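One rule links them: number in the numbering used here = place in the sequence shown (from 1) + 245. Ideal placement from N, C-alpha and C gives every residue a C-beta, glycine not left out. None of these values were measured; they are calculated from a predicted model.
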Amino acid sequence: MTATAKIDARAVPIDLLAGELRQRLGTDAVTTQTTADGIPTFWIVRESAHDALNYLKEKVHQPYRMLYDFTAIDESMRAHPDGPPASDFTLVYHLLSFDRNQYVRIKVPMTKDEPETDTCTDLWPAANWYEREVWDMFGIRFRGHPHLERILMPKTWVGHPLRKDHPARATEMGPFHLPDEKQDAEQEAMRFRPEDWGMRKSRDGEDFIFLNVGPQHPGTHGVLRVILQLDGEEIVDAVPDIGFHHRGAEKMGERQSWHTYIPYTDRIDYLGGVMNNMAYLMAVEKLAGITVPPRAQVIRVMLAELFRIISHLVWYGTFAQDLGQLSPVFYTFNDRERAFGIIEAICGARMHPNWFRIGGVAQDLPKGWDGLIRDFLKYLPPRLAEYDKQVMQNRIFKSRTQGVGAFTKEEAIEWGVTGPGLRACDFEWDFRKKQPYSGYEQFKFDVPTGTHGDCYDRALVRVEEMRQSLGIIEQCVNNMPEGTYKSLHPLACPPLKEATMHDIETLITHFLGVSWGPVIPPGEALGAIEATKGNNGYYLVSDGSTTSYRTRIRTPSFAHMQMLPRLARGRMIPDLFAILGAMDFVLADVDR
Numbered sequence: 246m247t248a249t250a251k252i253d254a255r256a257v258p259i260d261l262l263a264g265e266l267r268q269r270l271g272t273d274a275v276t277t278q279t280t281a282d283g284i285p286t287f288w289i290v291r292e293s294a295h296d297a298l299n300y301l302k303e304k305v306h307q308p309y310r311m312l313y314d315f316t317a318i319d320e321s322m323r324a325h326p327d328g329p330p331a332s333d334f335t336l337v338y339h340l341l342s343f344d345r346n347q348y349v350r351i352k353v354p355m356t357k358d359e360p361e362t363d364t365c366t367d368l369w370p371a372a373n374w375y376e377r378e379v380w381d382m383f384g385i386r387f388r389g390h391p392h393l394e395r396i397l398m399p400k401t402w403v404g405h406p407l408r409k410d411h412p413a414r415a416t417e418m419g420p421f422h423l424p425d426e427k428q429d430a431e432q433e434a435m436r437f438r439p440e441d442w443g444m445r446k447s448r449d450g451e452d453f454i455f456l457n458v459g460p461q462h463p464g465t466h467g468v469l470r471v472i473l474q475l476d477g478e479e480i481v482d483a484v485p486d487i488g489f490h491h492r493g494a495e496k497m498g499e500r501q502s503w504h505t506y507i508p509y510t511d512r513i514d515y516l517g518g519v520m521n522n523m524a525y526l527m528a529v530e531k532l533a534g535i536t537v538p539p540r541a542q543v544i545r546v547m548l549a550e551l552f553r554i555i556s557h558l559v560w561y562g563t564f565a566q567d568l569g570q571l572s573p574v575f576y577t578f579n580d581r582e583r584a585f586g587i588i589e590a591i592c593g594a595r596m597h598p599n600w601f602r603i604g605g606v607a608q609d610l611p612k613g614w615d616g617l618i619r620d621f622l623k624y625l626p627p628r629l630a631e632y633d634k635q636v637m638q639n640r641i642f643k644s645r646t647q648g649v650g651a652f653t654k655e656e657a658i659e660w661g662v663t664g665p666g667l668r669a670c671d672f673e674w675d676f677r678k679k680q681p682y683s684g685y686e687q688f689k690f691d692v693p694t695g696t697h698g699d700c701y702d703r704a705l706v707r708v709e710e711m712r713q714s715l716g717i718i719e720q721c722v723n724n725m726p727e728g729t730y731k732s733l734h735p736l737a738c739p740p741l742k743e744a745t746m747h748d749i750e751t752l753i754t755h756f757l758g759v760s761w762g763p764v765i766p767p768g769e770a771l772g773a774i775e776a777t778k779g780n781n782g783y784y785l786v787s788d789g790s791t792t793s794y795r796t797r798i799r800t801p802s803f804a805h806m807q808m809l810p811r812l813a814r815g816r817m818i819p820d821l822f823a824i825l826g827a828m829d830f831v832l833a834d835v836d837r
């Protein structure tokens, strides 16, 4: 393993940025805030918010080009407010500067009497869906938004689910009834009306065809509906209709204890397994001030990279299947089963192992773990070489993917694209390298990139990533540290089992730690990782209790899916499935 420099956001001159904002917006318009994660955080008055965002994106030195995430907080039950601005709702923008290698957090206070502000869709096209989600979940309106409609909840839904006065459990609601008139109303609400989306039904005396793809279609890999506007077989426009897989994961994060929410994270990117745990736990550990022991860090990296391979194998086989090549999906799923055998031997479960814990992992590695992994390290490389011949060098596969669904690095940043999609645009940006976590700075690996930003290059990047992950796993096996698999910090949960049976006090402590969970100090933190499909981040707000006050899940698939209309316009219907396959999305990752 070789060490590389780790960039610390706290080392960036935050006061300098604050001074620039005050000079532009006025002294009273800007308030700084200290956070557990060290991200520069500024409260901006609502009237100056758009100007501040514009300045940070376009005019500041080393600008924050990407709208990484955008959400809101209902402050109505907050016992420990973050700062002096009075706020009934808080808008929270996370921006990312690739030049600075730094996030910035902008917070805008809102009142319940006037929950409205200006849209920033004129600054970022990616803001469209984020603002629709904030309207859907919180009821905050955005002046000038081109289509401010519900996006995750049905059009007929009453209320805004992430407000604190909205029920969080089925037991808080009455029994569900679906009389015929309600069913008819729900079906009518699903009717697509082109004029509602600014579309014309005809052009030059000829009618367009409107075609539903999904929500039950093999090519959508789940309950996704895409409405296509067609001129013959050419796609004039496309409207993704999401939300069919929405399960209220963020709402559940605000009712479960810090510890008992861990299994819920497994179900977000349900192909990413423990990677979901890692992003969430990094935020919790920042809030709690917990340092994860070296052995636990390396174990986390090893299993995360194994799940990266597992996820990419699913993508590899199904992508080839989407384009008409049936054999590879059987081969890659067989390889996946071998990897799952390792996961099951170590964790006791397969797809959703729920194995990472606050402060480390659930158990130490079992006897014989290294032999299982070494066998897999020998097994997979020849298989990948064979798939290169079958798939990547296949002339039909190439003709279906080369030049299809291409975008530039600049477009990717505007739309919030991360992961292999961003690297396929000849941009060597990997958060494991740029903002190392869990000890990734100690590992030697390359960051594969493409040159054309099309479906084929996105495939090339993912295939090479599997080989790089094998190299990282091998380094883990060869350099596994000794020591404990879990932190001894009092907020690590659950406590180590061997510390439970000495006396009644330790037993009670263990019981409370498991049942109620730890009490995390007030504060907020972002935990972000290079997940299987791009950057996955958990933004957590603690109110000093046993549950999260606000749980925000930033998923890569949500940002990527929003770009589908831009990639599909002007293409043929079969190209749509090449674009969707190369995107490598998971619907639970889109909808949460």
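Runs of the alpha helix (DSSP H) spanning 4 or more residues and lying entirely within the segment 699-731 occur at 700-723, in chain order. For GLU499, the number of other beta carbons within 10 angstroms of its own is at least 16, and it is reported as buried. Burial of ARG797 is indicated by the presence of at least 16 other C-beta atoms within 10 angstroms of its C-beta. Each of ILE749, ALA833, ASP702 was checked against the Cα of ALA823, and the nearest Cα belongs to ASP702. Assigned with DSSP and collapsed to three states, MET355 falls in strand. With a cut-off of 8 Å on Cβ pairs, the segment 477-488 is in contact with the segment 809-822, counting three or more such pairs. Counting only residues of its own chain and dropping the five nearest sequence neighbours on each side, ASP296 has a CB closer than 8 Å to the CB of ARG269, LEU270. When Cβ pairs closer than 8 Å are counted between the two stretches, the segment 708-722 is seen not to touch the segment 575-583, the count staying below three. Looking at the DSSP output, GLU451 shares a beta bridge with ARG448. Cβ-Cβ separation between ILE513 and ASN521: approximately 5 Å, consistent with a contact (criterion under 8 Å). Under the DSSP assignment, SER556 falls in the alpha helix (DSSP H) whose first and last residues are 539-567.
Comparing alpha-carbon positions, the option among GLY562, ALA594, TYR682 lying closest to PHE642 turns out to be GLY562. For ASP748, the three-state secondary structure derived from DSSP is coil. When DSSP states are grouped into helix, strand and coil, ARG795 belongs to the strand group.
By the criterion of at least three beta-carbon pairs nearer than 8 Å, the segment 301-310 is not in contact with the segment 352-360. Residue pairing from DSSP places CYS738 in a beta bridge opposite ILE603.
Within 10 angstroms of the beta-carbon of HIS747 lie fewer than 16 other beta-carbons, which makes it exposed. From the listed residues ARG602, PHE756, ARG377, the smallest Cα separation to ASP836 is found for ARG377.
The beta carbons of THR577 and LEU558 sit closer together than 8 Å. Spanning the alpha carbons of VAL290 and ARG267 requires a straight line of approximately 11 Å. In this structure, THR316 lies away from SER556, with their beta-carbon atoms at least 8 Å apart.
Taking a contact as a CB-CB distance under 8 Å, the pair ILE544 and TYR525 does not count as one, their CB atoms being some 17 Å apart. Taking all protein chains in view, the Cβ of PHE803 is crowded by 16 or more other Cβ atoms within 10 Å, so the residue is classified as buried. Secondary structure note for ILE318: its beta strand (DSSP E) is the uninterrupted segment 311-319.
LEU832 sits in a helix when the DSSP states are folded into three classes.
Here TYR576 carries a helix assignment [DSSP, helix/strand/coil]. Beta-bridge pairing by DSSP links LEU771 to TYR784. Within the same chain, and ignoring the five residues on either side of THR505 in sequence, the residues whose Cβ sits closer than 7 Å to its Cβ are GLY762. Going by beta carbons, HIS325 and ASP788 fall inside the 8 Å limit. For the 8 Å CB-CB criterion, PRO406 and GLY518 do not form a contact.
When rounded, the separation of the alpha-carbon atoms in THR792 and ARG414 is 15 Å.
Spatial neighbours of SER293 in its own chain (CB-CB distance under 6 Å, excluding positions within 5 residues in sequence) are listed in chain order as LEU270, ALA274. Ranked by Cα distance from GLY613, the options ALA607, ILE588, VAL337, TYR624 are led by ILE588. Shown here, HIS755 sits in a helix according to DSSP, grouped into three states.
Per DSSP, the beta-bridge partners of HIS339 are ASP314, ARG350. Around PRO460, the same chain offers VAL468, LEU469, ARG470, PHE489 as residues with beta carbons nearer than 7 Å, after the five sequence neighbours per side are excluded.
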